[in-house]
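Top to bottom, those sequences are chains A and B.
Position one of the first sequence corresponds to residue 243 (this note's numbering), numbered consecutively onward.
Position one of the second sequence corresponds to residue 577 (this note's numbering), numbered consecutively onward.
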Amino acid sequence: DTGVSQDPRHKITKRGQNVTFRCDPISEHNRLYWYRQTLGQGPEFLTYFQNEAQLEKSRLLSDRFSAERPKGSFSTLEIQRTEQGDSAMYLCAIGTDNYGYTFGSGTRLTVV
Amino acid sequence: AQSVTQLDSHVSVSEGTPVLLRCNYSSSYSPSLFWYVQHPNKGLQLLLKYTSAATLVKGINGFEAEFKKSETSFHLTKPSAHMSDAAEYFCVVNPDNYGQNFVFGPGTRLSVLP
Numbered sequence: 243d244t245g246v247s248q249d250p251r252h253k254i255t256k257r258g259q260n261v262t263f264r265c266d267p268i269s270e271h272n273r274l275y276w277y278r279q280t281l282g283q284g285p286e287f288l289t290y291f292q293n294e295a296q297l298e299k300s301r302l303l304s305d306r307f308s309a310e311r312p313k314g315s316f317s318t319l320e321i322q323r324t325e326q327g328d329s330a331m332y333l334c335a336i337g338t339d340n341y342g343y344t345f346g347s348g349t350r351l352t353v354v
Numbered sequence: 577a578q579s580v581t582q583l584d585s586h587v588s589v590s591e592g593t594p595v596l597l598r599c600n601y602s603s604s605y606s607p608s609l610f611w612y613v614q615h616p617n618k619g620l621q622l623l624l625k626y627t628s629a630a631t632l633v634k635g636i637n638g639f640e641a642e643f644k645k646s647e648t649s650f651h652l653t654k655p656s657a658h659m660s661d662a663a664e665y666f667c668v669v670n671p672d673n674y675g676q677n678f679v680f681g682p683g684t685r686l687s688v689l690p
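So, in structure tokens, the structure goes:
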């Protein structure tokens, strides 16, 4: 148990379909982050929430991507019209910049 | 721009011998630095962190790292490798302590031979 639950663990989808991932921190935390990790690479920042406000988005986050955190607790990440290049591990994290993040186990997306 | 360089993509050691995983960073400010470990099919786990206190930082599982500002380095070491240490290790920088996201290095895969 990492303190951050992500659902689903694995998702296989056909190109062009929409997918949604969910992140549930076990305890309340102001900051929530989404990262993407492709095979053989380190995680890359996608977006960040302070409570329910989305404060920063990476240029990696194209307009096909949208993230929400409606009540400042759980968060969802949706990808519309998926492409094969979207295949990756999507990681959610909570924490602070100085003290480190707690990551969930991730959702592995495969677009076929 | 802030960046992290991990000089070795793969390190292989024998069980019981020392481990050295190298990391260099570039940052305009005094950064916070971290090492994370990722075991196969597992989530990222924080090993240790440097946040401008003692330059020699001790982490979990016998790992430690030393912050050397003059060399812009934050190398990870362990005196004696264990088979369970085999994993991917990421050096991470929070570039200016006011930014809102981490910058990960590309990772170093550690193999431990019996």
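A virtual CB, placed ideally from N, CA and C, is assigned to each residue, including glycine.
For residue i, would you say it is in contact with chain E, using Cβ-to-Cβ distances shorter than 8 Å as the test?
i: proline 690 (chain B); result: Among the protein chains in the structure shown, which are A and B, there is no chain E.
Who are the neighbours of residue i on chain A, taking C-beta pairs under 7 Å?
i: leucine 622 (chain B); result: Gly342
i: phenylalanine 650 (chain B); result: Chain A residues near phenylalanine 650 (chain B): none, gap ~14 Å exceeds 7 Å.
Name, please, each residue of chain B whose Cβ falls closer than 8 Å to the Cβ of residue i.
i: tyrosine 332 (chain A); result: Those within 8 Å of tyrosine 332 (chain A) in chain B number zero; the least Cβ separation is about 12 Å.
Provide the residue(s) that pair with residue i in DSSP beta bridges, ordered along the chain.
i: tyrosine 612 (chain B); result: B:Leu622 and B:Phe666
i: asparagine 272 (chain A); result: DSSP output for asparagine 272 (chain A) lists no bridge partner at all.
i: alanine 629 (chain B); result: DSSP, once it has assigned bridges, lists no residue as partnering alanine 629 (chain B).
i: arginine 350 (chain A); result: A:His252 and A:Met331
i: glutamine 292 (chain A); result: A:Arg273 and A:Ala295
i: threonine 684 (chain B); result: B:Tyr665
i: serine 579 (chain B); result: B:Ser602
i: phenylalanine 345 (chain A); result: A:Ala335
For a contact defined as C-beta to C-beta under 8 Å, what are the partners of residue i on chain A?
i: phenylalanine 639 (chain B); result: Within chain A, no residue comes near phenylalanine 639 (chain B); the closest Cβ sits about 14 Å away, beyond 8 Å.
i: lysine 618 (chain B); result: Ser347
i: phenylalanine 610 (chain B); result: Gly342
i: glycine 548 (chain B); result: Nothing can be reported for residue 548 (chain B), as the shown portion of chain B is limited to 577 through 690.
Give the secondary structure of residue i by DSSP, where H, G and I count as helix, E and B as strand, and everything else as coil.
i: isoleucine 636 (chain B); result: helix
i: serine 590 (chain B); result: strand
i: glutamine 326 (chain A); result: helix
i: serine 585 (chain B); result: coil
i: aspartate 305 (chain A); result: coil
i: serine 247 (chain A); result: strand
i: glutamine 660 (chain B); result: The amino acid occupying residue 660 (chain B) in the given sequence is serine; glutamine does not appear at that position. If DSSP states are grouped into helix, strand and coil, serine 660 (chain B) belongs with the helices.
i: glutamine 283 (chain A); result: coil
i: proline 267 (chain A); result: strand
i: asparagine 600 (chain B); result: strand
i: lysine 645 (chain B); result: coil
i: arginine 278 (chain A); result: strand
i: phenylalanine 650 (chain B); result: strand
i: serine 315 (chain A); result: coil
Please check the pair residue i and residue j, which I expect to be a contact at CB under 8 Å, by giving their CB distance rounded to whole angstroms.
i: arginine 264 (chain A); j: leucine 302 (chain A); result: About 20 Å separates the two Cβ atoms, so there is no contact after all.
i: valine 261 (chain A); j: leucine 351 (chain A); result: 6 Å
i: tyrosine 332 (chain A); j: asparagine 677 (chain B); result: The Cβ separation is near 15 Å, so there is no contact.
i: leucine 596 (chain B); j: histidine 651 (chain B); result: 6 Å
i: leucine 632 (chain B); j: alanine 663 (chain B); result: No, leucine 632 (chain B) and alanine 663 (chain B) are not in contact; Cβ-Cβ is about 22 Å, not under 8 Å.
i: valine 679 (chain B); j: valine 688 (chain B); result: No, valine 679 (chain B) and valine 688 (chain B) are not in contact; Cβ-Cβ is about 27 Å, not under 8 Å.
i: glycine 681 (chain B); j: glycine 342 (chain A); result: About 15 Å separates the two Cβ atoms, so there is no contact after all.
i: glycine 327 (chain A); j: asparagine 293 (chain A); result: In fact, because the Cβ distance is near 31 Å, the residues do not count as touching under 8 Å.
i: arginine 257 (chain A); j: threonine 349 (chain A); result: That belief does not hold up - the Cβ atoms of arginine 257 (chain A) and threonine 349 (chain A) are roughly 18 Å apart, past 8 Å.
i: glutamine 248 (chain A); j: cysteine 334 (chain A); result: 5 Å
i: glutamate 591 (chain B); j: proline 655 (chain B); result: About 12 Å; that fails the 8 Å criterion.
i: alanine 330 (chain A); j: threonine 318 (chain A); result: With a Cβ gap of about 17 Å, alanine 330 (chain A) and threonine 318 (chain A) do not count as contacting.
i: serine 300 (chain A); j: leucine 288 (chain A); result: 5 Å
i: isoleucine 321 (chain A); j: arginine 306 (chain A); result: 6 Å
Can you name the residues of chain B whose CB is closer than 9 Å to the CB of residue i?
i: phenylalanine 287 (chain A); result: Gln676, Asn677, Phe678, Val679 and Phe680
Handout entry: Positions along the region 250–280 of chain A whose CB lies within less than 7 Å of some CB in chain B
Key = When C-beta distances to chain B are compared with 7 Å, the residues of the region 250–280 of chain A below that value are Tyr275, in chain order.
Problem - Contact set between the region 653–672 of chain B and chain A, restricted to residues whose Cβ is under 7 Å from the partner - result: Phe666 and Asn670
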